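Take a look at the structure below.
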Amino acid sequence: MVIAYEVGKSVYFNITNLCPCNCKFCLRNNGPGINPNESLWLEHEPTVDEVISVLENLDYPKYKEAVFCGYGEPTERLDILLKTAEFIKSLTIKPPIRLNTNGLSDLINNTKTAPKLAGLIDRVSISLNAPNAKMYNSMCLPMFGEKSFDSLIQFAKDCKQCIPEVKMTVVGSTLSAADISQCAELCNSLDISLRVR
Numbered sequence: 013m014v015i016a017y018e019v020g021k022s023v024y025f026n027i028t029n030l031c032p033c034n035c036k037f038c039l040r041n042n043g044p045g046i047n048p049n050e051s052l053w054l055e056h057e058p059t060v061d062e063v064i065s066v067l068e069n070l071d072y073p074k075y076k077e078a079v080f081c082g083y084g085e086p087t088e089r090l091d092i093l094l095k096t097a098e099f100i101k102s103l104t105i106k107p108p109i110r111l112n113t114n115g116l117s118d119l120i121n122n123t124k125t126a127p128k129l130a131g132l133i134d135r136v137s138i139s140l141n142a143p144n145a146k147m148y149n150s151m152c153l154p155m156f157g158e159k160s161f162d163s164l165i166q167f168a169k170d171c172k173q174c175i176p177e178v179k180m181t182v183v184g185s186t187l188s189a190a191d192i193s194q195c196a197e198l199c200n201s202l203d204i205s206l207r208v209r
């Protein structure tokens, strides 16, 4: 069961397979993982102890970044996310911590979650994926329906207030140039940078 995996000089944490979206372009629909010899589908949802036991054996000084990003939405397991981040922050030599998220954490956890990340998460990358709610719902199929896009935007605003670095991303191959331009305008209005991936 792969809980931690390396990409370049970063270590990634795969702490859940749960996700409230079923994005049409998601890697989960195309295979078991980014490495053909390594599946990111977890045998079960890991406990905090299981995750920490994996983390204890990593060589943190060699990593430029620790990233919560696997085959699920990390904030589905907010308790593990926070306790794992606390563990990393307790290390003498520690990499900055990034959270890759779909931005629906407040709906998932039924509470404001950005303040809980403050002091633990250094960077947040939020999957915007569309310039408006209608297109977002069509592409990402969120289980929370129409309120999803507005919640994502509010989460981004909240993160901007308490996280040092906040970015939003779109998958360039799924949008037209006009759509990407609209996403950029939206991000500019939020004073958040946009990355086309």
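Heads up: the sequence shown begins at 13 in our numbering, then just goes up one per residue. Glycine included, each C-beta is placed from N, C-alpha and C at the ideal position. From a predicted model like this one, the values you see are computed outputs, not experimental measurements.
Give me whichever residues DSSP pairs with Glu158 in a beta bridge.
Position 146 of the sequence shown, counted from the start, is the residue given in the question as residue 158. BP columns for Glu158 are empty, so no partner.
Measure the C-alpha to C-alpha separation of Asn112 and Val136 and round it to an integer number of angstroms.
Walking along the sequence shown from the start, residue 112 turns up at place 100. Walking along the sequence shown from the start, residue 136 turns up at place 124. Between Asn112 and Val136, the C-alpha separation is close to 6 Å.
Out of curiosity, what's the CA-to-CA distance linking Leu132 and Lys159?
Working through the sequence shown from its first residue, we reach residue 132 at position 120. Working through the sequence shown from its first residue, we reach residue 159 at position 147. The C-alpha of Leu132 lies about 27 Å from the C-alpha of Lys159.
Candidates Asn200, Ser150, Asp203: closest to Asn34 by CA position:
The residue given as residue 34 occupies position 22 in the sequence shown. For the residues Asn200, Ser150, Asp203, the minimum Cα distance to Asn34 belongs to Ser150.
Contact under 8 Å by Cβ, Arg89 with Thr28
By one-based count along the sequence shown, residue 89 stands at place 77. By one-based count along the sequence shown, residue 28 stands at place 16. Taking C-beta atoms as the reference points, Arg89 and Thr28 count as a pair closer than 8 Å.
With a threshold of 8 Å on Cβ separation, who are the neighbours of Ile120 within its own chain once the five nearest residues in sequence on each side are excluded?
The count along the sequence shown starts at 1 and reaches residue 120 at position 108. Cβ within range, chain order: Pro32, Glu85, Thr87, Glu88, Leu90.
Proximity of Ala202 and Cys195 at Cβ, strictly below 8 Å
Working through the sequence shown from its first residue, we reach residue 202 at position 190. Working through the sequence shown from its first residue, we reach residue 195 at position 183. For clarity, residue 202 is Leu in the given sequence; the question names Ala instead. Not closer than 8 Å, so no.
What does a CB cutoff of less than 7 Å around Gly184 pick up in its chain, not counting 5 residues either side in sequence?
Here residue 184 refers to the residue found at position 172 when the sequence shown is read from its first residue. Counting only Cβ-Cβ distances below 7 Å, and skipping sequence neighbours, we find Ile192, Val208, Arg209.
With H, G and I counted as helix, E and B as strand and the rest as coil, what does DSSP make of Ser205?
Walking along the sequence shown from the start, residue 205 turns up at place 193. Ser205 falls in the strand class under three-state DSSP.
Rounded distance between the beta-carbons of Gly115 and Ala78, thought under 8 Å
Position 66 of the sequence shown, counting from 1, holds the residue named residue 78. Position 103 of the sequence shown, counting from 1, holds the residue named residue 115. Their Cβ separation, rounded to whole angstroms, is 20 Å, which puts Ala78 and Gly115 out of contact at 8 Å.
If you drop the 5 nearest sequence neighbours on each side, which residues of the same chain put their C-beta closer than 6 Å to that of Met13?
Here residue 13 is taken as the residue at index 1 of the sequence shown, counted from 1. Cβ neighbours of Met13 beyond the five flanking positions: Leu54, Glu55.
Proximity winner among Leu103, Asn26, Ala145, relative to Leu164 (alpha-carbon distances)
Translated into positions along the sequence shown, residue 164 becomes position 152. That would be Ala145, whose Cα lies nearest to the Cα of Leu164.
Through-space distance from Ile175 to Pro127, alpha-carbon basis
What you label residue 127 is simply residue 115 of the sequence shown in a count that begins at 1. What you label residue 175 is simply residue 163 of the sequence shown in a count that begins at 1. Spanning the two alpha carbons is a distance of roughly 9 Å.
Reduced DSSP category for Glu98 - H, G, I as helix; E, B as strand; rest coil:
The residue labelled residue 98 in the question sits at position 86 within the sequence shown. DSSP places Glu98 in helix when its eight states are reduced to three.
Taking the beta carbon of Ser229 as the centre, do at least 16 other beta carbons fall within 10 Å, making it buried, or is it exposed?
Absent from the structure is residue 229, since the part of the chain shown begins at 13 and ends at 209.
Name the residue from Lys172, Arg110, Glu68, Glu62 whose alpha carbon lies nearest to the alpha carbon of Lys76.
Here the question's residue 76 lines up with position 64 in the sequence shown. If you compare the alpha carbons of Lys172, Arg110, Glu68, Glu62 with that of Lys76, the shortest gap goes to Arg110.
Spatial neighbours of Lys2 within its chain, please: C-beta separation below 8 Å, excluding the five flanking residues on both sides.
No statement about residue 2 is possible, as the shown extent of the chain runs from 13 to 209 and does not include it.
If Leu129 sits next to Thr96, beta carbons under 8 Å apart, how far is it from one beta carbon to the other, in whole angstroms?
Taking the first residue of the sequence shown as 1, we reach residue 129 at position 117. Taking the first residue of the sequence shown as 1, we reach residue 96 at position 84. Not really, about 12 Å apart at Cβ, beyond 8 Å.
Which residue or residues does DSSP assign as beta-bridge partners of Arg110?
In the sequence shown, the residue the question calls residue 110 occupies position 98. Beta-bridge pairing links Arg110 to Val79, Arg135.
Would you report the Cα separation of Ile100 and Leu70, rounded to the nearest angstrom?
Within the sequence shown, residue 100 is the residue found at index 88, counting from 1. Within the sequence shown, residue 70 is the residue found at index 58, counting from 1. About 10 Å.
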